[in-house]
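Asker:
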Amino acid sequence: MNAGLGTMVGIVWRTRRRGIAVWVVALAASMVGTAASIAGLYDTPAKIHSYAEAVTSGSALAAINGHVEGIDSLGGVIQDEFGFLASFLLPLLGIGLVAGSTRREEESGRLETILGGRIARHQPVLAALAVATAAIVATSAMFAAGLDVVGVPVSRAILYSASLGGIAFLFAAYAALMAQLVLHARGVYTWSLIMLTVAYVVRGIGDTTKSWLTWLSPLGWAEKAAPFGDQRWWALAVPIVVGAALGGAAVWLAARRDIGSVLWRRAAGSARSTSLHRQPIGFAIWIHRPAMIGWLAGGVLLTAMMGSLAQQLLDAMAGNPALAEAMGIQDGRPLDGFVAVTQLYLAVLAGGYVVQALGTLRTEEAEGRLEARLAGTLSRTRWLAAHAGVVLAGLVLIVVASSSVLALSTAWSVGSNDDAGVVMTAGLDYLPAELVFAGLALALFGLWPRGFGLTWAAYAVVTFIAFLGPGLKLARSVLDLAPTTHVGNPPLGTVDPGSLTALAGVAIALLLVGFIAFNRRDVPRA
Amino acid sequence: MSEVVHIRELTKTFGKVRALDGLSLSVRAGEVHGFLGPNGAGKSTTIRILLGLIRAGGGTAELFGADPWREAARLHGRLAYVAGDVALWPGLTGGQCLDVMGATHGRVDEKRREQLIERFELDPGKRIRDYSKGNRQKVALVAALAADVDLLVLDEPTSGLDPLMEQAFQQCVRERRTDGVTVLLSSHILGEVEALADRVSIVRHGRTVTTGSLADLRRHTRTSVHVVTAREPEGLARADGVAECVSERLDGQVDTRFTIDADQLDATIGRLHAAQIHTLTVTPPSLDALFLRNYGEMPDAPDSRESLAGAPQ
Chain A
1 MNAGLGTMVG IVWRTRRRGI AVWVVALAAS MVGTAASIAG LYDTPAKIHS YAEAVTSGSA
61 LAAINGHVEG IDSLGGVIQD EFGFLASFLL PLLGIGLVAG STRREEESGR LETILGGRIA
121 RHQPVLAALA VATAAIVATS AMFAAGLDVV GVPVSRAILY SASLGGIAFL FAAYAALMAQ
181 LVLHARGVYT WSLIMLTVAY VVRGIGDTTK SWLTWLSPLG WAEKAAPFGD QRWWALAVPI
241 VVGAALGGAA VWLAARRDIG SVLWRRAAGS ARSTSLHRQP IGFAIWIHRP AMIGWLAGGV
301 LLTAMMGSLA QQLLDAMAGN PALAEAMGIQ DGRPLDGFVA VTQLYLAVLA GGYVVQALGT
361 LRTEEAEGRL EARLAGTLSR TRWLAAHAGV VLAGLVLIVV ASSSVLALST AWSVGSNDDA
421 GVVMTAGLDY LPAELVFAGL ALALFGLWPR GFGLTWAAYA VVTFIAFLGP GLKLARSVLD
481 LAPTTHVGNP PLGTVDPGSL TALAGVAIAL LLVGFIAFNR RDVPRA
Chain B
1 MSEVVHIREL TKTFGKVRAL DGLSLSVRAG EVHGFLGPNG AGKSTTIRIL LGLIRAGGGT
61 AELFGADPWR EAARLHGRLA YVAGDVALWP GLTGGQCLDV MGATHGRVDE KRREQLIERF
121 ELDPGKRIRD YSKGNRQKVA LVAALAADVD LLVLDEPTSG LDPLMEQAFQ QCVRERRTDG
181 VTVLLSSHIL GEVEALADRV SIVRHGRTVT TGSLADLRRH TRTSVHVVTA REPEGLARAD
241 GVAECVSERL DGQVDTRFTI DADQLDATIG RLHAAQIHTL TVTPPSLDAL FLRNYGEMPD
301 APDSRESLAG APQ
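Residue numbers (the UniProt record's numbering), protein chains in the order written: chain A, 1 to 526; chain B, 1 to 313.
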């Protein structure tokens, strides 16, 4: 039995080690790097104190970054700055590690091959959890060591890293349980992200109302460990115990259920397709709809949350100018600064949608379905144009819908709709930058489809620069790497139409390269 | 007779691997052409070039007299294709997949579509992800067979089908040929090609080893004989056209196996008759024998047929 588990751990590690290593090293390195930059910026107690004063004035920031106990310290500043990103990146680490080696393997039929050997039915999920846990521990250890180097007291560094690791572990276990219940790896991601969103919202409400609600959210448990306040080590036990229970349930189910079975199965469908499906564009809509709906929901949620907090944030900034600076809003009208920050977040989100949606084209090819499509009377150009057109229409939909929600919720919060036009224009100004992502994705799909992952790497770099670049006062040349930088931070900054034209030009050139290269290459190309 | 597919000296390399090394293939209008070779011989690569999915490295490939790479979409209006590795959209039902694929074909015969669904016992309301491998294969076959086209390109179309469905498939292909449709049938299952094909091309290592009608090919191969006689047949081993003669005594009788040129058969049976025949099995050259001969092995006794034809199932 245990020999089987050892073998299974070896298989998971052997098949996924590269991805795991990239995740762990990239995440730990960027967290340590960011912590070092923060330590460089807040190098005197006075600076730390004014930062702490700023972000604790009003509860709006607590909704976004969480309520940080002991914020008047270097570690506290780091925890606050990480609040938003860590809430998503660490759960995603756990979810990604588990979803990829459980339901995805079952869906592909590879699990069946493995279970034909001397592996018990419950061992694959146990092995996936074991490898994920090891990766999480490694990430936490590297982060703790980094924090120690940066100057955070060692016991606090360990507690903070461990509390973040606890979140990742909890979501890994939750994903393992979902993997037993839904049919597709995609479903595991969807249900895990819904859980994560709920956890984030509940934590936000709990922190702004200073109520017990925070205790209901897994993200709140990490906060309640208070690594830079009272250091409640026992709070670490909560995610570990709950995670172990969820993981145990997953293992228990895996041992008892039929392979390939699910809790929720869709009923039989129609025996004929609609005329929409038979058109290339209609079919492309059907393929991209799930990604479009998911990212649209994310955009609407983000803008609704930010917009409804607008007045609180403005009050806080009015009471404490240092807060505006902490948010990257130095001069100009505070409301413009607030809209600019939100629109930048939305642009990053829209870019993620573009990369993921165009990534499905590569999946269609790798799974052999593109071949079936192109064996008919559909030409390559028409196929690619239909997909690119649908993805870009989805992009416009996401930007316009989310910007509208931002305009409405901001108007509701501040009690005036004078800024609705400004909000919408700022959203549209980012379209050329988002198109550059589409261009890069299509160019790689045409020229070097196997290297499509580079698009995600570029996206990660741009996300990092957009979120943390201005706050960390990165060099101009680094900031300029991100297409979003060239938009000019509307409505706070002024938009140069020339820059937008240049971005659009780059995007169109890349799109053309993608179309031409795709027309000339072999399909499928390994 | 016009040529539907015309391939000469085709080459293609993937990195350092030479997948096609001067392959030639000619498919005439109205025939079922068997495209035979072991796994990795270059059959699927040839078909992909013929569909304009990948570009020829060298040589010429013509489909309906035109360049398949340049005019892929137009030419595809006249053909339907079943891939060797059938890939469909797991979220669609079988019927929806048929419609989506049908929309990319030139025209679909709705009546035939219904008949085929019935003949292949397909449930069109089930989702692809709930189908077995054989049922997915059937969806692809029905989509191709229901299309009103001039050419069917079938890449190992019966992998995963049970024997009953294989029979149904063969019947359907014969009907389509009666309708005047040309069929390019790639396979490594000899029995299937033998049952359907008018002409055959055998490929190996990216080259065409031999091509011709089954009758042509048979003429160049030898008939196998297995005979049990009361006495040793006289002078058999030295007789004209006889080779590989092996004789042994079993239970007081003589068990002999040999191969013979078809035109010497009559004279030789006379000799056997003189030795008093108990049992006699004469096996005309099968594709297996052709296949084995072209793969550098000697045509063997008839039981090689079982081992070879049985292996892929």
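Where a beta carbon is used, it is the ideal one built from N, C-alpha and C, also for glycine. The structure displayed is predicted, hence computed values, not measured ones.
DSSP on GLY319 of chain A, reduced to helix/strand/coil?
Answerer: For the purposes of this step, residue 319 of chain A is taken as the residue at position 319 of the first sequence. Of the three classes helix, strand and coil, the one that applies to GLY319 of chain A here is helix, per DSSP.
Asker: Under three-state DSSP, which class holds THR158 of chain B?
Answerer: Within the second sequence, the letter at position 158 stands for residue 158 of chain B. Looking at THR158 of chain B - three-state DSSP - the assignment turns out to be coil, as it is neither helix nor strand.
Asker: ASP67 of chain B touches chain A at which residues, Cβ-Cβ below 8 Å?
Answerer: By 1-based counting over the second sequence, the position of residue 67 of chain B is 67. What ASP67 of chain B touches in chain A: nothing, since even the nearest Cβ is about 14 Å away.
Asker: For VAL25 of chain A, does the count of other Cβ atoms within 10 angstroms reach 16, so buried, or fall short, so exposed?
Answerer: Here residue 25 of chain A refers to the residue found at position 25 of the first sequence. Classification of VAL25 of chain A: exposed, given that the 10 Å Cβ count is below 16.
Asker: Assign GLU175 of chain B to one of two classes, buried (16 or more other C-beta atoms within 10 Å of its C-beta) or exposed (fewer than that).
Answerer: Locating residue 175 of chain B in the second sequence gives position 175, where the first residue counts as 1. By the neighbour-count rule (16 or more Cβ atoms within 10 Å), GLU175 of chain B is not buried but exposed.
Asker: Inspect the beta-carbon positions of THR5 of chain B and PHE283 of chain A and report whether they are closer than 8 Å.
Answerer: On the second sequence, position 5 is the one that residue 5 of chain B refers to. On the first sequence, position 283 is the one that residue 283 of chain A refers to. Just to set this straight, residue 5 of chain B is Val in the shown sequence, not Thr. Going by C-beta atoms, VAL5 of chain B is not nearer than 8 Å to PHE283 of chain A.
Asker: What's the C-alpha gap between GLY299 of chain A and VAL405 of chain A?
Answerer: By one-based count along the first sequence, residue 299 of chain A stands at place 299. By one-based count along the first sequence, residue 405 of chain A stands at place 405. Roughly 9 Å separates the two Cα atoms.
Asker: Along the segment 374 to 386 of chain A, where does the CB come closer than 7 Å to a CB of chain B? Name the residues.
Answerer: Correct list: LEU374, ALA375, GLY376, THR377, LEU378, SER379.
Asker: Tell me the DSSP secondary structure of PHE338 of chain A in three-state form.
Answerer: Locating residue 338 of chain A in the first sequence gives position 338, where the first residue counts as 1. It is helical.
Asker: So GLU244 of chain B is in the alpha helix (DSSP H); what residue range does that whole segment cover?
Answerer: As a working mapping, residue 244 of chain B is identified with position 244 in the second sequence. First-last for GLU244 of chain B: 242 to 250, but that is the beta strand (DSSP E), not the alpha helix (DSSP H).
Asker: Would you say ASP522 of chain A faces chain B, with C-beta separation under 8 Å as the test?
Answerer: Position 522 of the first sequence holds residue 522 of chain A. Judged by the 8 Å Cβ criterion, ASP522 of chain A is in contact with chain B.
Asker: Spell out whether any CB of chain A is found under 8 Å from the CB atom of SER304 of chain B.
Answerer: To locate residue 304 of chain B, count along the second sequence from 1; it is residue 304. The predicted model places SER304 of chain B with a pLDDT of 36, which falls under 50 and marks its position as unreliable; any figure quoted below should be read in that light. No, no contact with chain A.
Asker: By the criterion of Cβ-Cβ separation under 7 Å, what are the contact partners of PRO124 of chain B in chain A?
Answerer: As a working note, residue 124 of chain B is residue 124 in the second sequence. Going along chain A in sequence order, the residues near PRO124 of chain B (Cβ under 7 Å) are ALA271.
Asker: Does the Cβ of LYS138 of chain B have 16 or more other Cβ atoms within 10 Å, making it buried, or fewer, making it exposed?
Answerer: Residue 138 of chain B sits at position 138 when you count from the first residue of the second sequence. Under this definition LYS138 of chain B is a buried residue.
Asker: Give a yes or no on whether the C-beta atoms belonging to LEU272 of chain B and LEU265 of chain B are separated by under 8 Å.
Answerer: Locating residue 272 of chain B in the second sequence gives position 272, counting from the first residue. Locating residue 265 of chain B in the second sequence gives position 265, counting from the first residue. No, they are not a contact pair.
Asker: With burial defined as no fewer than 16 other Cβ atoms inside 10 Å of the residue's Cβ, what is the status of LEU170 of chain A: buried or exposed?
Answerer: Indexing the first sequence from 1 puts residue 170 of chain A at position 170. The residue is buried, with at least 16 neighbouring Cβ atoms inside 10 Å.
Asker: Run the CB neighbour count on LEU88 of chain B, radius 10 Å, all protein chains shown included, and call it buried at 16 or more, exposed below.
Answerer: Taking the first residue of the second sequence as position 1, residue 88 of chain B is located at position 88. Per the 10 Å Cβ criterion, buried.
Asker: Do we get a CB-CB distance below 8 Å when we pair GLU112 of chain A with the residues of chain B?
Answerer: For the purposes of this step, residue 112 of chain A is identified with residue 112 of the first sequence, where counting begins at 1. Closer than 8 Å: no.
Asker: Which residues does DSSP list as the beta-bridge partners of GLU62 of chain B?
Answerer: Counting from one through the second sequence, the residue named residue 62 of chain B turns up at place 62. Per DSSP, B:HIS6.
Asker: Identify every run of the alpha helix (DSSP H) within the segment 99 to 145 of chain B, keeping only runs that are complete inside it and at least 4 residues long; order them along the chain.
Answerer: DSSP runs (the alpha helix (DSSP H)) wholly in the segment 99 to 145 of chain B: 110 to 119.
Asker: So with Cβ pairs under 8 Å, would you call THR93 of chain B a contact of chain A?
Answerer: Along the second sequence, one-based indexing puts residue 93 of chain B at 93. Chain A, which has a Cβ nearer than 8 Å to the Cβ of THR93 of chain B, makes this yes.
Asker: What does GLU367 of chain A reach in chain B if we use C-beta pairs closer than 7 Å?
Answerer: The sequence position of residue 367 of chain A within the first sequence is 367, counting from 1. Ordered by position in chain B, the residues that pass the 7 Å Cβ test against GLU367 of chain A are ALA87.
Asker: Given a cut-off of 8 Å on the beta-carbon distance, is the pair LEU217 of chain B and HIS33 of chain B in contact?
Answerer: Numbered from its first residue, the second sequence carries residue 217 of chain B at position 217. Numbered from its first residue, the second sequence carries residue 33 of chain B at position 33. The answer is no: Cβ separation not under 8 Å.
Asker: Here's the rule I'm using: 16 or more other beta-carbon atoms within 10 Å means buried, otherwise exposed. How should GLU364 of chain A be labelled?
Answerer: The residue given as residue 364 of chain A occupies position 364 in the first sequence. Buried is the call here.
Asker: Roughly how many whole angstroms lie between the Cα atoms of VAL188 of chain A and TYR200 of chain A?
Answerer: Counted from its first residue, the first sequence places residue 188 of chain A at position 188. Counted from its first residue, the first sequence places residue 200 of chain A at position 200. Their Cα atoms are separated by approximately 18 Å.
Asker: Starting from residue 596 of chain A, find everything on chain B with Cβ-Cβ shorter than 7 Å and list it in chain order.
Answerer: Absent from the model: residue 596 of chain A. The displayed extent of chain A is 1 to 526, so no value can be given.
Asker: Nearest by alpha-carbon distance to ALA262 of chain B: which of B:VAL254, B:THR221, B:ARG238 is it?
Answerer: Your numbering for residue 262 of chain B matches position 262 in the second sequence. When each option's Cα is compared against that of ALA262 of chain B, the closest is B:THR221.
Asker: Which word fits PRO218 of chain A, buried or exposed, when buried means at least 16 other C-beta atoms lie within 10 angstroms of its C-beta?
Answerer: Residue numbering aside, residue 218 of chain A sits at position 218 when the first sequence is read from its first letter. Buried: at least 16 other Cβ atoms inside 10 Å.
Asker: When every heavy atom of the ligand PLP is checked, does at least one fall within less than 7 Å of the C-beta of ASP240 of chain B?
Answerer: Absence of the ligand PLP from the depicted structure is noted, as is the absence of any ligand whatsoever, leaving it without description.
Asker: Please confirm whether ILE158 of chain A and GLY94 of chain A have their CB atoms less than 8 Å apart.
Answerer: Counted from its first residue, the first sequence places residue 158 of chain A at position 158. Counted from its first residue, the first sequence places residue 94 of chain A at position 94. Not in contact: ILE158 of chain A and GLY94 of chain A (Cβ atoms no closer than 8 Å).
Asker: Determine, for GLN264 of chain B, whether the minimum Cβ-Cβ distance to residues of chain A falls below 8 Å.
Answerer: Sequence index remark: in the second sequence, residue 264 of chain B carries index 264 (1-based). No, GLN264 of chain B does not count as interfacial toward chain A.
Asker: Compute the distance between the beta-carbons of ARG204 of chain B and SER213 of chain B, then report whether it is under 8 Å.
Answerer: As a first step, residue 204 of chain B must be located in the second sequence, where it is residue number 204. As a first step, residue 213 of chain B must be located in the second sequence, where it is residue number 213. No; because the gap between Cβ atoms is not below 8 Å, this pair is not in contact.
Asker: Name the two residues that bound the continuous beta strand (DSSP E) containing ASP21 of chain B.
Answerer: Within the second sequence, the letter at position 21 stands for residue 21 of chain B. Start and end: 17 to 28.
Asker: Per DSSP, what kind of secondary structure is ASP72 of chain A in: helix, strand or coil?
Answerer: Against the first sequence, residue 72 of chain A aligns to sequence position 72. Note: ASP72 of chain A maps to coil in three-state DSSP.
Asker: Output, in chain order, the set of chain A residues within a Cβ distance shorter than 7 Å of ARG18 of chain B.
Answerer: Here residue 18 of chain B refers to the residue found at position 18 when the second sequence is read from its first residue. Correct list: empty, because the minimum Cβ distance to chain A is about 15 Å.
Asker: Are the C-beta atoms of PHE283 of chain A and some chain B residue less than 8 Å apart?
Answerer: What you label residue 283 of chain A is simply residue 283 of the first sequence in a count that begins at 1. Interface residue, yes.
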